[in-house]
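See below for the structure under consideration.
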(Lines of atoms letter the chains of each structure in order from A and count residues from 1; the text may use other names and numbers.)
(Lines give C-alpha, C1' and ligand atoms only; values in the text may rest on other atoms or scores of the structure.)
Protein backbone atom coordinates (compact mmCIF):
# COMPACT_ATOMS: atom_id res chain seq x y z
CA UNK A 1 0.00 0.00 0.00
CA UNK A 2 2.83 2.39 0.87
CA UNK A 3 4.49 1.63 -2.46
CA UNK A 4 1.26 2.41 -4.33
CA UNK A 5 0.86 5.73 -2.50
CA UNK A 6 4.48 6.63 -3.24
CA UNK A 7 4.06 5.91 -6.97
CA UNK A 8 0.79 7.84 -7.05
CA UNK A 9 2.35 10.85 -5.32
CA UNK A 10 5.27 10.88 -7.79
CA UNK A 11 2.80 10.77 -10.68
CA UNK A 12 0.74 13.64 -9.26
CA UNK A 13 3.81 15.77 -8.52
CA UNK A 14 5.18 15.30 -12.01
CA UNK A 15 1.87 16.50 -13.46
CA UNK A 16 2.00 19.59 -11.27
CA UNK A 17 5.54 20.37 -12.41
CA UNK A 18 4.40 20.43 -16.04
CA UNK A 19 1.56 22.84 -15.24
CA UNK A 20 3.94 25.10 -13.31
CA UNK A 21 6.37 25.13 -16.24
CA UNK A 22 3.58 26.11 -18.62
CA UNK A 23 2.43 28.92 -16.34
CA UNK A 24 6.01 30.10 -15.82
CA UNK A 25 6.51 30.19 -19.59
CA UNK A 26 3.35 32.25 -20.04
CA UNK A 27 4.39 34.63 -17.25
CA UNK A 28 7.78 35.14 -18.93
CA UNK A 29 6.16 35.87 -22.31
CA UNK A 30 3.48 38.54 -21.75
CA UNK A 31 3.32 39.25 -25.50
CA UNK A 32 1.52 35.94 -26.13
CA UNK A 33 -2.07 36.23 -27.31
CA UNK A 34 -4.82 34.93 -25.05
CA UNK A 35 -5.47 32.16 -27.59
CA UNK A 36 -1.81 31.08 -27.48
CA UNK A 37 -1.83 31.10 -23.68
CA UNK A 38 -4.94 28.91 -23.60
CA UNK A 39 -3.47 26.53 -26.20
CA UNK A 40 -0.31 26.05 -24.15
CA UNK A 41 -2.20 25.56 -20.88
CA UNK A 42 -4.54 23.00 -22.48
CA UNK A 43 -1.70 21.15 -24.31
CA UNK A 44 -2.84 22.18 -27.77
CA UNK A 45 -0.59 23.18 -30.64
CA UNK A 46 -1.17 25.16 -33.83
CA UNK A 47 0.68 26.01 -37.02
CA UNK A 48 2.89 29.05 -36.47
CA UNK A 49 4.01 28.14 -32.95
CA UNK A 50 7.74 28.20 -32.22
CA UNK A 51 9.66 25.10 -31.15
CA UNK A 52 9.79 26.47 -27.62
CA UNK A 53 6.01 26.97 -27.51
CA UNK A 54 5.36 23.45 -28.82
CA UNK A 55 7.77 21.92 -26.33
CA UNK A 56 6.13 23.87 -23.52
CA UNK A 57 2.70 22.65 -24.63
CA UNK A 58 3.46 19.00 -25.52
CA UNK A 59 6.81 18.34 -23.84
CA UNK A 60 9.97 16.98 -25.43
CA UNK A 61 9.51 14.92 -28.60
CA UNK A 62 10.27 11.20 -28.68
CA UNK A 63 12.78 11.79 -31.48
CA UNK A 64 13.93 14.51 -33.86
CA UNK A 65 15.10 14.16 -37.46
CA UNK A 66 15.98 16.58 -40.23
CA UNK A 67 15.07 16.53 -43.90
CA UNK A 68 15.87 18.84 -46.79
CA UNK A 69 13.01 20.39 -48.75
CA UNK A 70 12.44 23.38 -51.05
CA UNK A 71 11.95 25.33 -47.79
CA UNK A 72 15.47 24.39 -46.71
CA UNK A 73 16.13 22.23 -43.68
CA UNK A 74 12.94 21.00 -42.05
CA UNK A 75 13.10 19.55 -38.57
CA UNK A 76 10.67 16.72 -37.79
CA UNK A 77 9.56 16.14 -34.19
CA UNK A 78 7.99 12.74 -33.46
CA UNK A 79 5.58 12.22 -30.55
CA UNK A 80 3.88 9.18 -29.07
CA UNK A 81 4.44 5.90 -30.80
CA UNK A 82 5.25 7.96 -33.90
CA UNK A 83 1.59 8.81 -34.32
CA UNK A 84 2.28 12.56 -34.50
CA UNK A 85 4.93 14.25 -36.61
CA UNK A 86 5.47 18.00 -36.41
CA UNK A 87 7.47 19.81 -39.09
CA UNK A 88 9.38 23.02 -38.36
CA UNK A 89 11.01 25.45 -40.79
CA UNK A 90 12.91 28.46 -39.47
CA UNK A 91 11.75 27.71 -35.90
CA UNK A 92 8.04 27.77 -36.84
CA UNK A 93 5.61 24.86 -36.88
CA UNK A 94 4.48 24.48 -40.49
CA UNK A 95 2.85 21.00 -40.60
CA UNK A 96 1.00 18.87 -38.06
CA UNK A 97 0.68 15.27 -39.23
CA UNK A 98 -1.24 12.76 -37.13
CA UNK A 99 -1.59 9.10 -38.00
CA UNK A 100 -4.58 7.07 -36.90
CA UNK A 101 -4.70 3.32 -36.83
CA UNK A 102 -6.92 1.70 -39.43
CA UNK A 103 -7.92 -0.96 -36.89
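Numbering (the working numbering), first residue to last: 1 to 103. Glycine is no exception: its CB is placed at the ideal position from the N, C-alpha and C atoms. Keep in mind the model is a prediction, meaning the values are calculated, not measured.
Task: C-beta atoms of residue 41 and residue 22 nearer than 7 Å - done: Looking up residue 41 in the chain shown gives position 41. Looking up residue 22 in the chain shown gives position 22. Cβ atoms of residue 41 and residue 22: closer than 7 Å.
Open item on the list: Using the three-state DSSP reduction, which class does residue 100 fall into: helix, strand or coil?
Closed with: Locating residue 100 in the chain shown gives position 100, where the first residue counts as 1. DSSP places residue 100 in coil when its eight states are reduced to three.
TODO: Spell out the partners DSSP gives residue 47 in its beta bridges.
DONE: What you label residue 47 is simply residue 47 of the chain shown in a count that begins at 1. As far as DSSP is concerned, residue 47 takes part in no beta bridge.
Task: Length of the line joining the Cα atoms of residue 48 and residue 25 - done: Here residue 48 corresponds to residue number 48 of the chain shown, with the count starting at 1. Here residue 25 corresponds to residue number 25 of the chain shown, with the count starting at 1. If I take the Cα positions, the gap works out to 17 Å.
Task: DSSP state of residue 39 mapped onto helix, strand, coil - done: For the purposes of this step, residue 39 is taken as residue 39 along the chain shown, with counting starting at 1. Correct three-state label for residue 39: helix.
Open item on the list: At the level of alpha carbons, what is the spacing between residue 98 and residue 54?
Closed with: Here residue 98 corresponds to residue number 98 of the chain shown, with the count starting at 1. Here residue 54 corresponds to residue number 54 of the chain shown, with the count starting at 1. Here the alpha carbon of residue 98 sits roughly 15 Å from the alpha carbon of residue 54.
Open item on the list: For the beta strand (DSSP E) containing residue 83, name the first residue and the last one.
Closed with: Position 83 of the chain shown, counted from the first residue, corresponds to residue 83. First-last for residue 83: undefined, no H or E at that position.
Task: residue 95 versus residue 34 - alpha carbon distance - done: Looking up residue 95 in the chain shown gives position 95. Looking up residue 34 in the chain shown gives position 34. Cα to Cα, the separation comes out at about 22 Å.
TODO: Classify residue 28 as helix, strand or coil using the three-state DSSP reduction.
DONE: If you number the chain shown from 1, residue 28 lands on position 28. In the displayed model, residue 28 falls within a helix according to three-state DSSP.
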